[in-house]
Amino acid sequence: MILGELARSLNGGFIAVSTLLFCVSVLSVAYLPVAPSLRRSSARCREHVLWALLLFPWLAAMLVSYLVLSPSLAPYKPDWMSALTHWHHAELFDTRSWHVLPLAVFAVVLVLALIRTGLALIRHRRSMRWFLQCLEVNALRAELDSQWPSAFTYGFLRPRIFVSAALKKALSPEEYSAVLHHEQAHLKRYDPLKKFCFACLSHFFPSTVAQRLRAEYALSLEQSADMKAVASGNENALIAKTLLKVYRLNRSTLPSYCCAFAETSLEARVRYLMAPRPDPTVHYVAAALLFAGMLALSLFGVDSYHHSFERFFDH
1 MILGELARSL NGGFIAVSTL LFCVSVLSVA YLPVAPSLRR SSARCREHVL
51 WALLLFPWLA AMLVSYLVLS PSLAPYKPDW MSALTHWHHA ELFDTRSWHV
101 LPLAVFAVVL VLALIRTGLA LIRHRRSMRW FLQCLEVNAL RAELDSQWPS
151 AFTYGFLRPR IFVSAALKKA LSPEEYSAVL HHEQAHLKRY DPLKKFCFAC
201 LSHFFPSTVA QRLRAEYALS LEQSADMKAV ASGNENALIA KTLLKVYRLN
251 RSTLPSYCCA FAETSLEARV RYLMAPRPDP TVHYVAAALL FAGMLALSLF
301 GVDSYHHSFE RFFDH
């Protein structure tokens, strides 16, 4: 039995983990059927919605835990809210109760995710060290002496553009310029770092959903970079033609979390270049309504489902 502020913190952790699990479950079920509709929106809209899907469970978990257990908020809560969010014995935590189980499972998942992230950072540092040997001091772009045609942006805090000599030789000056504009868009937006952070957060979703989320996010990054290249003065048809050409030439194995010119879905990118999607508000509104509903259910249902589980385990 634990008493005092430590018990309040453990109860807060239990509420946060329960809320996180609830939100991840709902979003995992909701995402798969709406994914085709989301793909029909602009790349920028998809980036925003996908980040919201990953971040909302964590924000909701912290907010619900704070609203339920923070003593400083008690005088300001209306009576109806206090009745719905009341937590009995907030400063008492029984180490023999079922509350320990979700906390323990979350701790294990968190440790495994941190280990996976640490190993990925080590691999990134090693491979980046090798690629940096090809760079001149303070240069943002390097030409790789490779027989395999490839172009990609790599690096988290100080990304760099790498283009193979074979690719430069295979492209016309206009095509090569289009590739560079595409990669410069990745460089300016720190897309490799975004891709890595997105992948780390996606590990808390079921494996199938996480893979879909990562693939969709990678596609949206590439489509955004394609449109930035168009905005730099290149024609849509030129970008599409260059993409097809590089895709046929590219046979190299690229490092993890890089942003490569011809890495993701070819058909989807060509279609997007030929017919750019609008930026519909319906997806933002739908996401906002879904998040508001989950937050309300998490906040006002936390005490009810807690007592339901208590009765189940007591019997």
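Numbering of the sequence shown is given in the working numbering, commencing with residue 1 and proceeding in unit increments.
Even glycine gets a Cβ: it sits at the ideal position worked out from N, Cα and C.
Rounded to the nearest angstrom, what separates THR281 and PHE291 at their Cα positions? Counting from 1 along the sequence shown, the entry for residue 281 is found at position 281. Counting from 1 along the sequence shown, the entry for residue 291 is found at position 291. Distance from the CA of THR281 to the CA of PHE291, rounded to the nearest whole angstrom, comes to 15 Å.
Use the C-beta contact count for VAL137: other C-beta atoms within 10 angstroms, 16 or more gives buried, fewer gives exposed. As a first step, residue 137 is located in the sequence shown; it is residue number 137 there, counting from the start. Because VAL137 carries a pLDDT of 48, less than 50, the predicted location of this residue cannot be relied on, and no value is offered for it.
Any idea which residues DSSP pairs TYR154 with across the strands? Within the sequence shown, the letter at position 154 stands for residue 154. In the DSSP output, where bridge partners are listed per residue, TYR154 has ARG160.
Could you pull out every residue in the same chain whose Cβ sits closer than 7 Å to the Cβ of GLN147, ignoring the five residues on either side in sequence? One-based indexing of the sequence shown puts residue 147 at position 147. Cβ neighbours of GLN147 beyond the five flanking positions: ALA166.
Considering ALA240, what are the terminal residues of the alpha helix (DSSP H) in which it resides? The count along the sequence shown starts at 1 and reaches residue 240 at position 240. Element bounds for ALA240: 236–249.
What is the DSSP secondary structure of ARG96, counted as helix, strand or coil? Mapped onto the sequence shown, residue 96 falls at position 96. Three-state result, ARG96: coil.
Opening and closing residue of the alpha helix (DSSP H) in which ALA35 lies: Counting from 1 along the sequence shown, the entry for residue 35 is found at position 35. Looking at the DSSP string, the run of the alpha helix (DSSP H) that includes ALA35 is 5–39.
Apart from the five residues on each side of it in sequence, which residues of its chain come closer than 7 Å, Cβ to Cβ, to ASP145? The residue you call residue 145 lines up with position 145 of the sequence shown. Excluding positions up to five away in sequence, the list reads ALA165.
Residue environment, ILE122, which counts as buried when at least 16 other CB atoms sit within 10 Å: The count along the sequence shown starts at 1 and reaches residue 122 at position 122. The residue is exposed, with fewer than 16 neighbouring Cβ atoms inside 10 Å.
Determine the direct distance from the alpha carbon of ARG8 to that of SER298, and round the result to whole angstroms. Numbered from its first residue, the sequence shown carries residue 298 at position 298. Numbered from its first residue, the sequence shown carries residue 8 at position 8. Cα-Cα distance, rounded: 19 Å.
C-alpha distance - LEU27 paired with LEU53, whole-angstrom precision: As a first step, residue 27 is located in the sequence shown; it is residue number 27 there, counting from the start. As a first step, residue 53 is located in the sequence shown; it is residue number 53 there, counting from the start. Their backbone Cα atoms lie some 7 Å apart in a straight line.
Outcome for ASP208 when other beta-carbon atoms lying within 10 angstroms are tallied against a minimum of 16: Along the sequence shown, one-based indexing puts residue 208 at 208. Sequence inspection shows Thr at residue 208; the Asp mentioned does not correspond to that position. Answer is exposed; the Cβ neighbour count stays below 16.
Given LYS228, which residues of its chain have a CB within under 6 Å of its CB, disregarding the five upstream and five downstream residues? The count along the sequence shown starts at 1 and reaches residue 228 at position 228. For LYS228, where only same-chain residues beyond five positions count, the Cβ hits under 6 Å are ALA185.
Burial state of GLY293, where buried means 16 or more other Cβ atoms lie within 10 Å: The count along the sequence shown starts at 1 and reaches residue 293 at position 293. Under this definition GLY293 is an exposed residue.
Provide the residue span of the alpha helix (DSSP H) that contains ALA268, from first to last. Position 268 of the sequence shown, counted from the start, is the residue given in the question as residue 268. Taken as a continuous stretch (DSSP letters only), the alpha helix (DSSP H) holding ALA268 covers 266–274.
CA-CA distance, PRO276 and SER42? Position 276 of the sequence shown holds residue 276. Position 42 of the sequence shown holds residue 42. For PRO276 and SER42, the distance between alpha carbons rounds to 7 Å.
Under 8 Å by Cβ, that's how I've got TYR257 and PRO192 pegged, so tell me the actual separation to the nearest angstrom. If you number the sequence shown from 1, residue 257 lands on position 257. If you number the sequence shown from 1, residue 192 lands on position 192. Right, their Cβ atoms sit about 5 Å apart.
If you count every other CB in all the chains shown that lies within 10 Å of the CB of ALA61, and 16 or more means buried, which is it? Counting from one through the sequence shown, the residue named residue 61 turns up at place 61. Its Cβ being crowded by 16 or more others within 10 Å, ALA61 is buried.
Taking its Cβ as the centre, do 16 or more other Cβ atoms sit within 10 Å of SER97, making it buried, or is it exposed? For the purposes of this step, residue 97 is taken as the residue at position 97 of the sequence shown. SER97 comes out exposed.
C-beta contact flag for PHE152 and LEU254 at 8 Å: Position 152 of the sequence shown holds residue 152. Position 254 of the sequence shown holds residue 254. Contact: yes.
Please indicate yes or no: does the CB of LEU273 lie closer than 7 Å to some heavy atom of the ligand PLP? The model on display carries no ligand, and the ligand PLP is accordingly not part of it.
Alpha carbon to alpha carbon, what distance is there between PRO57 and LEU20? By one-based count along the sequence shown, residue 20 stands at place 20. By one-based count along the sequence shown, residue 57 stands at place 57. Straight-line Cα distance between these residues: approximately 5 Å.
Taking the C-alpha atoms as reference points, what is the distance between TYR66 and GLY12? Along the sequence shown, one-based indexing puts residue 66 at 66. Along the sequence shown, one-based indexing puts residue 12 at 12. About 7 Å.
So, with DSSP's three-state summary, where would you put CYS259? Taking the sequence shown and counting its residues from 1, one reaches residue 259 at position 259. Note: CYS259 maps to strand in three-state DSSP.
Span separating the alpha-carbon of VAL223 from that of GLU235: Here residue 223 refers to the residue found at position 223 of the sequence shown. Here residue 235 refers to the residue found at position 235 of the sequence shown. Checking the sequence, you will find Gln at residue 223 rather than Val. Rounded to the nearest angstrom, the two C-alpha atoms are 14 Å apart.
Please report the straight-line C-alpha distance between LEU38 and LEU201, rounded to a whole angstrom. The sequence position of residue 38 within the sequence shown is 38, counting from 1. The sequence position of residue 201 within the sequence shown is 201, counting from 1. Near 20 Å, if we compare the C-alpha coordinates of LEU201 and LEU38.
Looking at the unbroken alpha helix (DSSP H) that takes in LEU167, where does it start and where does it end? Walking along the sequence shown from the start, residue 167 turns up at place 167. LEU167 -> alpha helix (DSSP H) spans 165–170.
Looking only at its own chain, which residues have a Cβ that is under 8 Å from the Cβ of ALA268, when we skip the five neighbours before and after it? For the purposes of this step, residue 268 is taken as residue 268 along the sequence shown, with counting starting at 1. The residues are ARG39, LEU219, GLN223.
Expressed to the nearest angstrom, what Euclidean distance is found between the alpha-carbon atoms of ARG214 and ILE161? Along the sequence shown, one-based indexing puts residue 214 at 214. Along the sequence shown, one-based indexing puts residue 161 at 161. Rounded to whole angstroms, ARG214 to ILE161 spans 22 Å at the Cα level.
Counting along the chain, where does the beta strand (DSSP E) carrying LEU330 start and finish? Residue 330 is absent from the structure shown; the chain starts at 1 and stops at 315.
I believe THR242 touches ALA178 by the beta-carbon criterion, under 8 Å. Please report the beta-carbon distance rounded to the nearest angstrom. Walking along the sequence shown from the start, residue 242 turns up at place 242. Walking along the sequence shown from the start, residue 178 turns up at place 178. Indeed, because the Cβ distance is near 5 Å, the residues count as touching under 8 Å.
Roughly how many whole angstroms lie between the Cα atoms of SER18 and LYS194? In the sequence shown, counting from the first residue as 1, residue 18 sits at position 18. In the sequence shown, counting from the first residue as 1, residue 194 sits at position 194. Rounded to the nearest angstrom, the two C-alpha atoms are 27 Å apart.
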